[in-house]
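Notes follow once the structure below has been shown.
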Amino acid sequence: MFDCMFISGQEDFMRYMSSVIVRLQKMERMGTLHVYKSTLNRVADFVGGRSLPFKEITPLWLQAFQNYLLGRQLNWNTISTYMRVVRAVYYRAVDEGLAPFQPRMFRGVYTGTRVTVKRALSERVLRRLKTPVTTSSELEYTRSLFLLLFMLRGIPFVDIAYMRRCDLTDSTLTYRRRKTGAWLTVRIEPEARRLIARLQSRNPHSPYLFPFITSEGAEGYRQYSNALRRFNYQLKKLARQMEGCPSLSSYTARHSWATMANYRDFQPELISNAMGHSSVKVTETYFKKHSDDRIHEMNRSILTYLFV
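One rule links them: number in our numbering = place in the sequence shown (from 1) + 266.
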């Protein structure tokens with residue numbers, strides 16, 4: 267772990283990023299905290315543990331850092347993650363008057379996302395997942411949970427894990443995405459309602475709707491990480507039992523829902539609104555936000571098409 271022993275003064279990237287990490291820890295944003303710590307350690311390795319004044323971060327420095335990461339055999343998506351964290355910290359410092367503003371400074375390094383593996387399932391495989399697994403109760407639980415992720419508009423596993431009982435009413439789930447902070451409302455369709463009843467926590471004292479975590483803070487994040495690891499392991503076992511099924515992961519449900527919505531000719535901005543992110547990028551700023559009713563109708567149409 268990186269030891270934060272730097273020269274005094276606020277105009278130093280390493281000291282400033284360490285202070286951002288402390289803020290994230292106080293806010294209990296454990297997933298983001300992990301990525302920021304990893305990025306800080308990579309930068310520290312690159313500069314040899316010395317201080318790094320903001321004025322030294324230039325387009326040439328960023329390209330050199332990218333080449334360093336490439337030399338460590340990191341893939342482009344990982345490199346993009348580190349670069350986006352550096353960019354976020356740098357521009358936060360700019361906003362606070364600690365770093366000089368340089369327009370288009372990050373234009374020479376990669377900050378996008380490359381889809382290297384086709385993750386979406388075919389209609390045929392999705393329909394086969396309707397069939398219960400009779401050979402293993404654990405795989406049956408895994409199958410049901412995967413379908414629930416899909417039926418809740420490709421909800422990420424992290425949002426299911428941290429879902430509170432009070433987020434669920436008779437007809438809707440209303441929750442805040444852990445990653446982006448966006449508020450989403452999902453109408454609970456009958457198929458999803460049956461799965462929730464089957465999968466939810468049986469502990470009446472737990473504030474969480476599902477049985478994956480029982481604590482807050484670092485311990486809760488550890489429990490979530492372990493649950494995600496077990497879920498992905500069981501998904502791989504489930505895929506091996508299904509002839510012709512590609513490898514499954516928790517992300518497959520989300521990717522499959524978005525792809526199915528696209529195949530069904532729903533507008534990209536509608537899909538983006540439904541999933542709580544901005545995959546439409548710049549053009550999305552010109553779109554009118556869709557109503558919850560329109561989004562509910564889209565999900566109902568997809569579930570009817572596949573499962574009725």
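Glycine included, every Cβ here is placed at the ideal spot set by N, Cα and C.
Can you give the Cα-Cα distance for residue i and residue j, rounded to whole angstroms?
i    : j    : result
D559 : L413 : 22 Å
T446 : L318 : 29 Å
E389 : Y487 : 34 Å
V593 : I426 : Because the chain in this structure spans residues 267 to 574, residue 593 falls outside the shown range and cannot be described.
L536 : S557 : 9 Å
G374 : D436 : 50 Å
V352 : E406 : 42 Å
E404 : A493 : 13 Å
L299 : L501 : 27 Å
Q339 : V309 : 16 Å
T397 : F573 : 11 Å
K547 : P473 : With a pLDDT of only 47 at K547, under the threshold of 50, the placement of this residue in the model should not be trusted, and no figure is reported.
T451 : L418 : 10 Å
Q533 : R316 : 50 Å
T617 : T400 : Outside the shown range of the chain (267 to 574) lies residue 617, about which nothing can therefore be said.
Y302 : R495 : 21 Å
T408 : F423 : 12 Å
R289 : Y529 : 42 Å
Y552 : Y348 : The predicted model places Y552 with a pLDDT of 27, which falls under 50 and marks its position as unreliable; any figure quoted below should be read in that light. Between Y552 and Y348, the C-alpha separation is close to 30 Å.
Report yes if the C-beta distance between residue i and residue j is below 8 Å; otherwise report no.
i    : j    : result
L415 : S516 : yes
T440 : R453 : no
R350 : T324 : no
I568 : A519 : no
F320 : E277 : yes
S522 : A386 : yes
S410 : R459 : no
G483 : E294 : yes
Y428 : I462 : no
M508 : R394 : yes
N565 : E455 : yes
M283 : V355 : yes
What residue range does the alpha helix (DSSP H) around residue i cover?
i    : result
L414 : S403 to M417
R393 : E389 to R394
Y571 : D558 to F573
Within 10 angstroms of the Cβ of residue i, are there 16 or more other Cβ atoms? Answer buried if so, exposed if not.
i    : result
G510 : exposed
H562 : buried
N469 : exposed
S545 : Here S545 scores only 46 on pLDDT, less than 50, and its place in the model is too uncertain to base an answer on.
E322 : exposed
G314 : exposed
M329 : The sequence shown places Gln at residue 329, not Met. Exposed, by the Cβ-count rule.
F367 : exposed
Looking at the unbroken beta strand (DSSP E) that takes in residue i, where does it start and where does it end?
i    : result
R453 : W449 to R453
R520 : From DSSP, R520 is part of no beta strand (DSSP E) but of the alpha helix (DSSP H) over S516 to Y529.
Y348 : Note, Y348: premise wrong, no beta strand (DSSP E); alpha helix (DSSP H) at W342 to D361.
T324 : Looking at the DSSP string, T324 is not in any beta strand (DSSP E), and its letter there is neither H nor E.
R373 : That residue, R373, is in no beta strand (DSSP E); it is neither H nor E in DSSP.
May I ask you to check if the CB of residue i is nearer than 7 Å to at least one heavy atom of the ligand ZN?
i    : result
Q533 : With respect to small molecules bound, the structure shown includes none, and the ligand ZN cannot be examined in it.
Rounded C-beta distance between residue i and residue j? I'm assuming under 8 Å.
i    : j    : result
L475 : L434 : 6 Å
S346 : T379 : 6 Å
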